[in-house]
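Protein chains: 2
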Amino acid sequence: MTIREVARLAEVHPGTVSRALNEQTRALVNQETAERVLRAAEELGYQPNPIARGLKTNRSYTVGVLIPDLTNPLFPPIMRGIEDRLGDAGYTLLIVNTDNDPERERSQMVAMRARQVDGFIAATARLDREVLAEAAAGGAPIVLVNRSLEDGSVAAVTVDDRHGIALAIDHVVGLGHTVVGHVAGPQNVSTGHRRYLGYLEAMARHELPAAAAQVTFADAFSEAAGARACRELIDRTDHVTAIVAANDRLAIGCYDALEELGLGCPQDISITGFNDMPFVDRLHPPLTTVRVPQREIGLVAAELLLKQLGDQDGIVGEVLLEPTLVIRQSTAPPER
Amino acid sequence: MTIREVARLAEVHPGTVSRALNEQTRALVNQETAERVLRAAEELGYQPNPIARGLKTNRSYTVGVLIPDLTNPLFPPIMRGIEDRLGDAGYTLLIVNTDNDPERERSQMVAMRARQVDGFIAATARLDREVLAEAAAGGAPIVLVNRSLEDGSVAAVTVDDRHGIALAIDHVVGLGHTVVGHVAGPQNVSTGHRRYLGYLEAMARHELPAAAAQVTFADAFSEAAGARACRELIDRTDHVTAIVAANDRLAIGCYDALEELGLGCPQDISITGFNDMPFVDRLHPPLTTVRVPQREIGLVAAELLLKQLGDQDGIVGEVLLEPTLVIRQSTAPPER
DNA sequence: CTGTTAGCGCATTCAT
DNA sequence: ATGAATGCGCTAACAG
Numbered sequence: 009m010t011i012r013e014v015a016r017l018a019e020v021h022p023g024t025v026s027r028a029l030n031e032q033t034r035a036l037v038n039q040e041t042a043e044r045v046l047r048a049a050e051e052l053g054y055q056p057n058p059i060a061r062g063l064k065t066n067r068s069y070t071v072g073v074l075i076p077d078l079t080n081p082l083f084p085p086i087m088r089g090i091e092d093r094l095g096d097a098g099y100t101l102l103i104v105n106t107d108n109d110p111e112r113e114r115s116q117m118v119a120m121r122a123r124q125v126d127g128f129i130a131a132t133a134r135l136d137r138e139v140l141a142e143a144a145a146g147g148a149p150i151v152l153v154n155r156s157l158e159d160g161s162v163a164a165v166t167v168d169d170r171h172g173i174a175l176a177i178d179h180v181v182g183l184g185h186t187v188v189g190h191v192a193g194p195q196n197v198s199t200g201h202r203r204y205l206g207y208l209e210a211m212a213r214h215e216l217p218a219a220a221a222q223v224t225f226a227d228a229f230s231e232a233a234g235a236r237a238c239r240e241l242i243d244r245t246d247h248v249t250a251i252v253a254a255n256d257r258l259a260i261g262c263y264d265a266l267e268e269l270g271l272g273c274p275q276d277i278s279i280t281g282f283n284d285m286p287f288v289d290r291l292h293p294p295l296t297t298v299r300v301p302q303r304e305i306g307l308v309a310a311e312l313l314l315k316q317l318g319d320q321d322g323i324v325g326e327v328l329l330e331p332t333l334v335i336r337q338s339t340a341p342p343e344r
Numbered sequence: 009m010t011i012r013e014v015a016r017l018a019e020v021h022p023g024t025v026s027r028a029l030n031e032q033t034r035a036l037v038n039q040e041t042a043e044r045v046l047r048a049a050e051e052l053g054y055q056p057n058p059i060a061r062g063l064k065t066n067r068s069y070t071v072g073v074l075i076p077d078l079t080n081p082l083f084p085p086i087m088r089g090i091e092d093r094l095g096d097a098g099y100t101l102l103i104v105n106t107d108n109d110p111e112r113e114r115s116q117m118v119a120m121r122a123r124q125v126d127g128f129i130a131a132t133a134r135l136d137r138e139v140l141a142e143a144a145a146g147g148a149p150i151v152l153v154n155r156s157l158e159d160g161s162v163a164a165v166t167v168d169d170r171h172g173i174a175l176a177i178d179h180v181v182g183l184g185h186t187v188v189g190h191v192a193g194p195q196n197v198s199t200g201h202r203r204y205l206g207y208l209e210a211m212a213r214h215e216l217p218a219a220a221a222q223v224t225f226a227d228a229f230s231e232a233a234g235a236r237a238c239r240e241l242i243d244r245t246d247h248v249t250a251i252v253a254a255n256d257r258l259a260i261g262c263y264d265a266l267e268e269l270g271l272g273c274p275q276d277i278s279i280t281g282f283n284d285m286p287f288v289d290r291l292h293p294p295l296t297t298v299r300v301p302q303r304e305i306g307l308v309a310a311e312l313l314l315k316q317l318g319d320q321d322g323i324v325g326e327v328l329l330e331p332t333l334v335i336r337q338s339t340a341p342p343e344r
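Taken in order, these protein sequences are the chains called V and R. With the numbering used here applied, the first sequence covers 9 to 344. With the numbering used here applied, the second sequence covers 9 to 344.
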């Protein structure tokens, strides 16, 4: 089914068919001619060939999405948000997993640019400025998800990590805890770093001590790393009664460490997570955690990208989404 | 960067560049000319434009993947398997969620065909023959995942549901259970139906009763539906000591129902699931379940598709992957 | 308002 | 072994 067959049936020139079929240019063509063309196209089940169109217009109506790992339950809802919004706008997604490997990120981006993607949404933790600049130089708009550049030169949508941690700390402090530890994430990942800063900030606001001994750093956002960091924390300061973990997986690691040490949660130590992953409401005890609006992150990221795709120079800067606290049973007042 | 710029630098005709750059046709060109072209391309950082190539060759090196819902933890590992294999082969994925809506499936498939995808991998539960036939008529190979057509006319990779259920039943029967119930999934979904058949089969093999009262049907693969079905089952036959659920989410629903009824698992009733979703090892009790090799499913599906993409007529028929039983603590011998 | 023409970047046929 | 020419399906600039 080509445009020419439609033209033959409608008895007009192919160029006219193109104009009639295109929203933008429909105005240029006579009302009833347009209708005739539309009917002909309908009848033949004509579908424009986006490949051919892209060759001419340099637009593929395709956007590249880079994520570290689809298998991480954090990402699918974000992807759904992106797809829902971008799909409505007629875009198709090319999704690739990078496993946070910089080389892979690079090569995937190059490959996608070759495929003429109109823009990128990148959820990868680190993506060096160089790669970003390179992509931007190619004229492709980029929206960052879950991270941002300090200078705000690239559009980004993130959740307010500091506020999220503050919610958790306000909660445990409100419960009566005064010695609150932090199992921090990797500091070279922006979420890890920001949550750590949020911890320091909130503790200071409450005029509570946040000594170095009260914080341990996990070298990855994994259960095992969380367990290690938690053991280390308890080793160092045995009077901690609450631990704010930088994410749910670290919190689960804390559960493991407590169990190993024969400590109970929340009787001996309260624990909070971050993300509200699926099924953390079914852990024992159900995890008190900071919920991030994942689907909305995707929606907003898509929206920002569409803006940039439309206007020549869209919005840059960062959109901060507000997290909320979900109180379950891993937190309780400290025992006297 | 076009082929012409490379041609200019290498001082040859664009046609020659095309030949030199293409594995298939490299033989047609002089050894050292080819090298010169390759070097020029390298130097300019030339990337062939797949859009233009696709227009000419009618191949996009793109495959469409239809899944019900990326948010279902079952799918991401499958997707990774598909991506890993197909990515190596130079293909890019267009992934769409259909939410099991037939109309959406249809429209997405049409849209993807318009985008000239070279083939499809479909993991959607139902996909009427009509849509399949339509796509096949367009000449695009299709591989089904997690379902198959009775007549084997379409390539499919599925896990051996009947054997999986048999593993679960052999296990609980081995533990000493004789009254084993089944919380079945929706019967209009092939996995739901096959697992039900597997239950009947295995019970018969053990010469154990499998009365209608021992089976209830959930109307969806959800926790709520599982809980409903489980309550109904226990209402009807209060002497059941083990329940084999058609998947993990139904099993979790069973947990909920037992808790509500004040029954303990596994003391009062043993429960098994199917899929081995993430975190079911952290439920209370950790769930005994049938593990399906999800990533491998993706890998094999990709492999089958590549076969069809290569040869003109590849393999059809069904590949059955073997599940394994993961024994945890939701199953125990019945109390006397 | 519509027909005509050219060309996007590439692969491929036909000459040479 | 390479150059020249053609066309994939479409849009856009230009005529009329």
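For each residue, glycine too, the CB sits at the ideal point set by N, CA and C. Fair warning: this is a prediction, and the values are worked out from it, not measured in the lab.
- At least one CB of chain V lies nearer than 7 Å to the CB of R:Ile59.
- When secondary structure is reduced to three states using DSSP, R:Thr249 falls in the coil class, being assigned neither helix nor strand.
- If only uninterrupted beta strand (DSSP E) runs of at least 3 residues are considered, those enclosed by the stretch 181-217 of chain V are 188-192.
- In the three-state scheme derived from DSSP, where H, G and I count as helix and E and B as strand, V:Val20 is classed as coil.
- Sorting R:Arg114, R:Val165, R:Thr186 by C-alpha distance to the C-alpha of R:Ala144 places R:Arg114 at the top.
- Chain order gives no chain R residues near V:Gln337, where near means a beta carbon separation below 9 Å; the closest approach is about 12 Å.
- The beta-bridge partner set that DSSP reports for V:Leu152 consists of V:Ala130, V:Ala164.
- Among the residues of chain V, those whose CB is under 7 Å from the CB of R:Ser68 are Ile59, following chain order.
- Here DSSP, grouped into helix, strand and coil, assigns V:Phe282 to strand.
- Looking only at V:Ala219, V:Ala259, V:Ala232, V:Val252, the smallest Cα-Cα distance to V:Thr245 is reached by V:Ala219.
- By the neighbour-count definition (other C-beta atoms within 10 Å, threshold 16), V:Asp169 is a buried residue.
- Residue burial annotation: R:Glu91 is buried, with at least 16 other C-beta atoms found within 10 angstroms of its C-beta.
- Spatial neighbours of R:Val248 in its own chain (CB-CB distance under 6 Å, excluding positions within 5 residues in sequence) are listed in chain order as Val187, Gly189.
- Less than 7 Å divides the Cβ of V:Pro342 from the Cβ of V:His185.
- A direct Cα-to-Cα measurement between V:Leu328 and R:Gly272 gives close to 45 Å.
- Uninterrupted alpha helix (DSSP H) stretches at least 4 residues long and entirely within the stretch 25-78 of chain R occur at 39-52, 58-65, given in chain order.
- Exposed is the label assigned to V:His21, since fewer than 16 other Cβ atoms lie within 10 Å of its Cβ.
- When the Cα atoms are used, V:Val288 and R:Val45 turn out to be separated by approximately 57 Å.
- Contact of V:Ile11 with chain R is not assigned, every C-beta pair being separated by 7 Å or more.
- Of all residues in the stretch 69-92 of chain V, the ones placed with a Cβ closer than 7 Å to any Cβ belonging to chain R are Leu78, Thr79, Pro81, Pro84, Pro85, Met87, Arg88, Glu91, in chain order.
- Within a 10 Å sphere around the beta-carbon of V:Leu36 sit fewer than 16 other beta-carbons, which makes this residue exposed.
- In its chain, beyond the 5 residues on either side, Val180, Leu183, His185, Thr249, Ala250, Ile251, Thr296, Ser338, Thr339, Ala340, Pro342 have a beta carbon closer than 8 Å to the beta carbon of R:Ser278.
- Look at R:Val300 here: in three-state DSSP terms it is coil, with no helix or strand label.
- R:Asn105 is bridged by DSSP to R:Ile75.
- If you check each beta-carbon in the stretch 106-125 of chain R against every beta-carbon of chain V, the ones closer than 7 Å belong to Val118, Ala122, Arg123, Gln124.
- Straight through space, the alpha carbons of V:His171 and R:Pro58 are spaced by roughly 45 Å.
- Closer than 7 Å to the CB of R:Gln275 there is not a single CB belonging to chain V.
- Taking every protein chain shown into account, the CB of R:Glu231 has 16 or more other CB atoms within 10 angstroms, so this residue is buried.
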